[in-house]
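Single-structure report; data block below.
Residue numbers (this note's numbering): 162 to 302.
Put into structure tokens, the structure is as follows:
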């Protein structure tokens with residue numbers, strides 16, 4: 162049941178209609194990039210140093226984007242991610258997640274630069290096409 166609900170959530174957040182696409186196109190990614198905190202590997206991060214507030218999370222590995230999400234509690238999300246258990250289902254013979262190689266960035270708060278974290282999430286997913294967020298169909302938007 163949890164996996165099914167998760168899949169529905171991801172699907173809903175990957176499809177962007179034309180009107181919404183038009184509203185996120187003008188967002189300047191430098192604003193959210195300047196708000197990032199962290200820049201630590203998942204092996205180094207101490208979840209106690211991550212606020213228990215809403216915010217954005219971005220994971221990168223060797224310059225490629227792995228995962229982007231807004232969360233109601235980024236402390237709770239980082240607490241799960243830093244153990245590596247979240248990658249157990251996606252690791253395989255082609256990719257073995259190494260926590261020391263995965264960088265965590267987060268931006269706490271409901272808004273960044275006056276724009277909602279949900280809107281930033283959509284912009285980041287659309288523009289950066291992270292590996293672990295489901296692919297967005299080319300015809301979307």
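We treat Cβ as the ideally placed atom computed from N, Cα and C, and that holds for glycine.
Determine, using beta carbons only, whether residue i and residue j come nearer to each other than 8 Å.
| i | j | result |
| --- | --- | --- |
| residue 223 | residue 266 | no |
| residue 195 | residue 216 | no |
| residue 269 | residue 235 | yes |
| residue 239 | residue 206 | yes |
| residue 182 | residue 288 | no |
| residue 260 | residue 245 | yes |
| residue 212 | residue 243 | no |
| residue 198 | residue 264 | no |
Which stretch, first to last residue, makes up the beta strand (DSSP E) that contains residue i?
| i | result |
| --- | --- |
| residue 284 | Premise fails: residue 284 lies in the alpha helix (DSSP H), 278 to 289, not in any beta strand (DSSP E). |
Can you round the beta-carbon distance between residue i and residue j to whole angstroms, since I take them to be within the 8 Å contact cut?
| i | j | result |
| --- | --- | --- |
| residue 185 | residue 283 | 5 Å |
With 8 Å set as the bound, which would you pick, yes or no: does the beta-carbon of residue i sit closer than that to a beta-carbon of chain B?
| i | result |
| --- | --- |
| residue 260 | Absence of chain B from the displayed structure is noted, only one protein chain being present. |
What does the Cβ neighbour count give for residue i, buried or exposed, with the cut at 16 atoms within 10 Å?
| i | result |
| --- | --- |
| residue 285 | buried |
| residue 251 | exposed |
| residue 219 | buried |
| residue 255 | exposed |
| residue 294 | buried |
| residue 172 | Residue placement at residue 172 is flagged as unreliable, the pLDDT there being 48, under the threshold of 50; a coordinate-derived value is accordingly withheld. |
Hey, out of the options, whose CA is closest to residue i's CA?
| i | options | result |
| --- | --- | --- |
| residue 226 | 243, 246 and 262 | 262 |
| residue 313 | 253, 278, 264 and 203 | There is no way to answer for residue 313, as the model of the chain reaches only from 162 to 302. |
| residue 188 | 294, 280 and 228 | 280 |
| residue 271 | 230, 292, 249 and 247 | 230 |
| residue 292 | 237, 248, 247 and 228 | 228 |
| residue 237 | 214, 290 and 180 | 214 |
Name the two residues that bound the continuous alpha helix (DSSP H) containing residue i.
| i | result |
| --- | --- |
| residue 220 | It is not in any alpha helix (DSSP H) - residue 220 instead sits in the beta strand (DSSP E) that spans 216 to 222. |
| residue 190 | 190 to 196 |
| residue 227 | No alpha helix (DSSP H) contains residue 227, which is instead part of the beta strand (DSSP E) from 225 to 232. |
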